[in-house]
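Residue 570 is where the sequence shown ends in my numbering, and the numbering goes up by one at each step. Heads up, the beta-carbon is just placed ideally off N, CA and C, and yes, glycines get one too.
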Amino acid sequence: MPDQSDRPSRTLHPETLAIRTQTARGAEREHSTPLFLTSSFVFDDAEQARALFTEEIAGNIYSRYSNPNTDEFVRKMSLLEGAEDGIAFASGMAAVFGSMAAFLRSGDHVVASRALFGSTHQLFTKLFPRWGITSSYVDADASADVWASAVLPNTKMLFVETPSNPGLALIDLEMLGTLAADQKLMLVVDNCFTTPILQQPIKWGAHLVVHSATKFIDGQGRVLGGVVVGSAELVSELRFFIRHTGPAMSPFNAWVLSKSLETLSVRMDRHCDNALAVATHFEGHAALDFVRYPFLESHPDHALARKQMSAGGGIVVLEVKGGLERARRFLDAVELLSHTPNLGDVRSIVTHPTSTTHSKLSEAERVQVGIVPGLIRVSVGLEHRDDIIADIEQALERSA
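Here is the structure:
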């Protein structure tokens, strides 16, 4: 249970709860939650063991099922997202897969946004068809009627990410929440790019919310992790899935991620401020074909971003003039920024989706979601914004 000793009686904001929610203090009276690096937990007697395994009582049995560190992390994420419960996974893709595999059966159909992370796309196109699960893609900016027309008699789920990786396409969550309610479909939203600090899909009708905790939630590129939060009923079914398939988060990673949540709100403030400064500076730059950022007025979904996001996020997309070859020269010319496939780090990062994260998509599939050879994804970190801007400027100049 959360530690109540530091809690005033008044209602607290979610950011405060992310700091003050902890496991109950132990005999050592620790101020910060300790690590519970144990594979299993001891039973008081045979009757307790029986009752725990039949789930007549709650408690820890084995760290593949639950652990105080993972439980604390999940409680914090649920509070931030406005969810009833959640489950932690070993990685973001384990969470994405689990959010669907736990509920889909052979013969089911999923309607998904076309703009998806590369590995999520592989689930729909390569892996799920092996088990008789089919899917249809809809463009992110499609109208409600187009989304509704994609729903088939065997459709069970809507799956979207917004903003999308890497193109920053947005989807109207209120529209999808209404569609899901009308058609009795499950709405699953990948909320990785915004974190619950900037966007809470459950408020708009989502049933499950998915995160790669490896990204902004960790924020320092240290550990892998994923999490799914939602209604208690759905999470109970998801818990059965994870218990018997094993994609459990390690207690150490959960401890790191739970501590990271204590600074998530202040980090996202800086990420967003820096990203907006970078996007504003480079909009209209002579070396670029476009700059895309949700809180720029030039973004095609700017009004929607203002509606469902409290800030624009930490990702800026640039398209360098000169296509693939200049993009490669740009990547080789950066000095301060890191060239790595990760994002959401305190360190600013550049990534070339065409040759890395989305390289398994065909050229036609990349074009459909706006991933062109000159596109660079910039994960804007917490360095001084002038230093970030200066490094991009010199890389553009040297790559000309």
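In terms of CA proximity to V244, V399 leads the group V399, D561 and S518.
The stretch 522-534 and the stretch 406-416 do not touch, with fewer than three beta-carbon pairs separated by less than 8 Å. Fully contained in the stretch 441-490 are the following beta strand (DSSP E) runs of length 3 or more, in chain order: 458-462 and 485-490.
Considering only S276, M327, D459 and K326, the residue with the shortest C-alpha distance to G302 is S276. Scanning its chain for C-beta atoms nearer than 7 Å, with the 5 sequence neighbours on each side dropped, one finds around Q370 the residues E251 and G252, in chain order.
Along the length of the stretch 203-285, whole beta strand (DSSP E) runs at least 3 residues long occupy 255-259 and 279-283, reported in chain order.
Short of 6 Å from the beta carbon of K385, and not among the five residues preceding or following it, lie these beta carbons of its own chain, in chain order: C362, L513 and G514. For a cut-off of 8 Å, the C-beta gap from F500 to A565 is around 5 Å, short enough to register as a contact. Around the C-beta of G196, fewer than 16 other C-beta atoms lie within 10 Å, and the residue is accordingly described as exposed. For L404 against L434, the beta-carbon gap comes to about 24 Å, at or over 8 Å, which does not count as contact.
Between L346 and L328, the C-beta spacing is below 8 Å. Counted as a single uninterrupted DSSP element, the beta strand (DSSP E) harbouring G396 occupies residues G396 to G400. Counting only the Cα atoms, L531 lies some 27 Å from I562.
One alpha carbon belongs to W425, the other to A314, and they sit about 41 Å apart.
In the DSSP assignment, L501 falls within the unbroken alpha helix (DSSP H) covering G493 to A503.
V380 places its beta carbon 8 Å or farther from that of V448.
By the Cβ neighbour-count rule, R284 is buried, with 16 or more other Cβ atoms within 10 Å of its own.
Of L545, A481, R476 and A264, the smallest CA-CA separation from T290 is found for A264.
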